[in-house]
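Enquirer: As they're listed, the protein sequences go chains A and B. So in the working numbering, spot 206 of the first sequence is number 271, and the numbers just go up one at a time. So in the working numbering, spot 149 of the second sequence is number 214, and the numbers just go up one at a time. Got a structure for you, written out below as structure tokens; questions coming shortly.
Protein chains: 2
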Amino acid sequence: MRNVRLLLAFDGTGFHGWQVQPGARTVQGVISDAITRLTGERVLPNGSGRTDAGAHARGLVANFMTSSDIPAAQVLKALNGILPPDVRVLAVREVPKAFHARKDAISKIYRYQVFKGSVLPPHLAREHYHYPFPLELDRVRAGCALLIGEHDFAGFAAKSGRVRSGGELRARHETRRHLFRSEVKAAGRRLIFTFEGDGFLHHMVRNIVGTVLEVGRGRISLERVPELLVRRDRTLAGFTAPANGLILVRVRYGRLQKRSAAKQCVSEPRP
Amino acid sequence: MRNVRLLLAFDGTGFHGWQVQPGARTVQGVISDAITRLTGERVLPNGSGRTDAGAHARGLVANFMTSSDIPAAQVLKALNGILPPDVRVLAVREVPKAFHARKDAISKIYRYQVFKGSVLPPHLAREHYHYPFPLELDRVRAGCALLIGEHDFAGFAAKSGRVRSGGELRARHETRRHLFRSEVKAAGRRLIFTFEGDGFLHHMVRNIVGTVLEVGRGRISLERVPELLVRRDRTLAGFTAPANGLILVRVRYGRLQKRSAAKQCVSEPRP
């Protein structure tokens, strides 16, 4: 058996996210079908993480085990020949059997794109959230910076879902994440947010963006941001920014790409 | 009556070009319907020029006469409320009655986008032509530069159509155009071509791009480019690059925006 690693990019507009769901078009499902067509084997690839319906990826990592001996370069060409144009395999390589795209990830980099102008140009519509309101960029920037570090991000997690399972202590443990990078840059009438962390809770990036945009607009005080990290109360946060502005840019792994070694050889990822 | 000028942007993927055609979704048709819904008047707006099916625009100019007295700012909001998201009105203003979007244009700027990498990322697929072949950029650049100036571009015009009407002398006159700017820039694995001219023949930009790409690839000699301007033989040119890489970026007008004055007060447009 070989372990094959895929680097994937997709336009999320036409997908209900990564994870296979009955009756829905998902990236994992489309990739799985393409692998089956190529190898004759029925496999469900591991993804580096779930993505929201409508969110995009430039560098999602997946892996799958196969007994096929098709060389990596041919797997790339063949899969791209089978796949629809809204999902592409950017790179393929064989990796040690222990490699797992989700479990070995040491950090993920997300981008969130906002368009501030009054009219959203059609060529930006798929990958930008339209927020045509007066903003103080310095406040947005300060809001982002206050989130850097290891914190309990429960206040920025989706209300429903996994976080609530288990007791208070377990939940608190489960919602701690380390955010290495949290920043915003203006590029003309666009705002480009970048977040890098060792993991992200469900809707965490979208809730952070919705909150710091409200801070920039003066609807939420800057003091509310650290308060959210302490009080863990989702109702104090801003709105959930829509999925179409969200892009998974990159997933980082340890150099050896073995589950056990990954955490030893890499300290804090550099931005 | 008022003369209203519109600045338009559209994603051409879902349109059969600008010009109204029976049974086809066109930008002119969609705009015309939106104006009718807003004003109750049946008008066909003048466009700065036809665009090919599948080609895009960031700044097409149109104008129409109306007896409605809705202020320009409200026309903008109302039309964008009616129009589908793949076409947007970026600006609206009232102009002198003599202004005509096509007849008064003194130059047009087109961009053509190429992606050279082996796999075309989905987010670039709508507006980039995928040309994953080894290229000598200096040859592409030289091919572009040889076209600058006033020439007979019949060799770069679509085989069929208007150009053939009339006798040889008339045809020769009709196919002379002044190209002010013709250049290519590399941006990572993208090539961005820019062309500015006082007018463009049908498929002219796409035929130029197809030809200079072939020059860059070594399939057509650099000497062929000036030869095409002299021999006017379309069969010597390269292929017609696909419409989806083509973007009408901007249309320039004389300062006074009156048909008679436009040509007097403006000499050669600056890039």
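C-beta atoms are modelled at their ideal positions from N, C-alpha and C, and glycine is treated no differently.
Please confirm whether G214(A) and V280(A) have their CB atoms less than 8 Å apart.
Expert: Not in contact: G214(A) and V280(A) (Cβ atoms no closer than 8 Å).
Enquirer: Which same chain residues, not among the five before or five after L211(A), have their C-beta less than 7 Å away from its C-beta?
Expert: The residues are V290 and P291.
Enquirer: So is V295(B) buried or exposed if we call it buried at 16+ other beta carbons inside 10 Å?
Expert: The residue in question, V295(B), is exposed, as its Cβ has fewer than 16 Cβ neighbours within 10 Å.
Enquirer: Rounded to the nearest angstrom, what separates I273(B) and G303(B) at their Cα positions?
Expert: Cα to Cα, the separation comes out at about 8 Å.
Enquirer: Which whole runs of the beta strand (DSSP E) in the stretch 172-242 of chain A are 3 residues long or more, in chain order?
Expert: The qualifying runs are 214-217.
Enquirer: Buried or exposed, going by whether 16 or more other CB atoms sit within 10 Å of the CB of E261(A)?
Expert: Buried, by the Cβ-count rule.
Enquirer: Closer than 8 Å by beta-carbon distance: list the chain B residues that pair up with E159(A), in chain order.
Expert: Simply none; closest approach about 18 Å.
Enquirer: Taking the DSSP output, what are the residues bridged to H121(B)?
Expert: Its beta-bridge partners are I312(B).
Enquirer: Helix or strand or just coil, what does DSSP make of T116(B)?
Expert: Reduced to three states, the DSSP call for T116(B) is coil.
Enquirer: When DSSP labels each residue in this structure, what does K168(B) get in the three-state scheme?
Expert: If DSSP states are grouped into helix, strand and coil, K168(B) belongs with coil.
Enquirer: Between which two residues does the alpha helix (DSSP H) carrying T259(B) extend?
Expert: Here T259(B) belongs to no alpha helix (DSSP H); instead the beta strand (DSSP E) covers R255 to G262.
Enquirer: Can you pull the chain A neighbours of E192(B), defined as C-beta to C-beta under 7 Å?
Expert: Per Cβ cutoff of 7 Å: H188.
Enquirer: Can you pull the chain A neighbours of F75(B), defined as C-beta to C-beta under 7 Å?
Expert: Under the 7 Å cutoff, chain A gives P187.
Enquirer: So D151(A) contacts chain B; which residues on that side make the cut at Cβ distance below 8 Å?
Expert: By Cβ distance, chain B contributes P187 and A190.
Enquirer: Which one or two residues does DSSP pair with F75(B) in a beta bridge?
Expert: A122(B) and V152(B).
Enquirer: Under 9 Å between beta-carbons, which chain A residues line up against V85(B)? List them in chain order, please.
Expert: Per Cβ cutoff of 9 Å: no residues; V85(B) is ~20 Å from chain A at best.
Enquirer: Reducing DSSP to helix, strand and coil, say where L266(B) ends up.
Expert: Here L266(B) sits in coil by DSSP.
Enquirer: Should H121(B) be flagged as near chain A, meaning a C-beta pair shorter than 8 Å?
Expert: Interface residue, yes.
Enquirer: For R227(A) and I96(A), I'd like the C-alpha separation in whole angstroms.
Expert: Summary for R227(A): the model assigns pLDDT 48, below 50, so the residue's position carries little reliability; its value from the coordinates is reported in the next sentence. Each residue's alpha carbon lies about 26 Å from the other.
Enquirer: Using the three-state DSSP reduction, which class does K162(B) fall into: helix, strand or coil?
Expert: Coil.
Enquirer: Note down the Cα distance separating R335(A) from L73(A), rounded to an integer number of angstroms.
Expert: Bear in mind that a pLDDT of 40 at R335(A), under 50, signals an unreliable position, so the number given afterwards is only what the model happens to contain. Distance between the alpha carbons of R335(A) and L73(A): 22 Å.
Enquirer: Report the rounded CA-to-CA distance for R337(A) versus L185(B), giving the unit in angstroms.
Expert: Outside the displayed range of chain A (66 to 336) lies residue 337(A), so it cannot be described from this structure.
Enquirer: Here's a check: name, in chain order, each residue in its chain whose Cβ is nearer than 7 Å to the Cβ of T300(A), leaving out the five neighbours to either side.
Expert: For T300(A), where only same-chain residues beyond five positions count, there are no Cβ hits under 7 Å.
Enquirer: Cβ of R176(A) within 8 Å of Cβ of F258(A)?
Expert: Result yes, Cβ atoms of R176(A) and F258(A) sit closer than 8 Å.
Enquirer: Cα separation between R255(A) and L155(A)?
Expert: Roughly 27 Å between the two C-alpha positions.
Enquirer: Where does R271(B) fall in DSSP's three states?
Expert: Helix.
Enquirer: Please work out which residues of its chain come closer than 6 Å, Cβ to Cβ, to H268(B), disregarding the five sequence neighbours upstream and downstream, and give them in chain order.
Expert: Answer for H268(B): A223 and T305, listed in chain order.
Enquirer: May I have the straight-line CA-CA distance separating G232(B) from E239(B), to the nearest angstrom?
Expert: Confidence is the limiting factor: at G232(B) the pLDDT is only 49, short of 50, which leaves the residue's position unreliable, though a coordinate-based value still follows. Taking the straight line joining both Cα atoms gives about 10 Å.
Enquirer: Report yes if the C-beta distance between I171(B) and D263(B) is below 8 Å; otherwise report no.
Expert: Contact: yes.
Enquirer: Determine whether the beta carbon atoms of A166(A) and A127(A) lie at a separation below 8 Å.
Expert: Contact flag set, yes.
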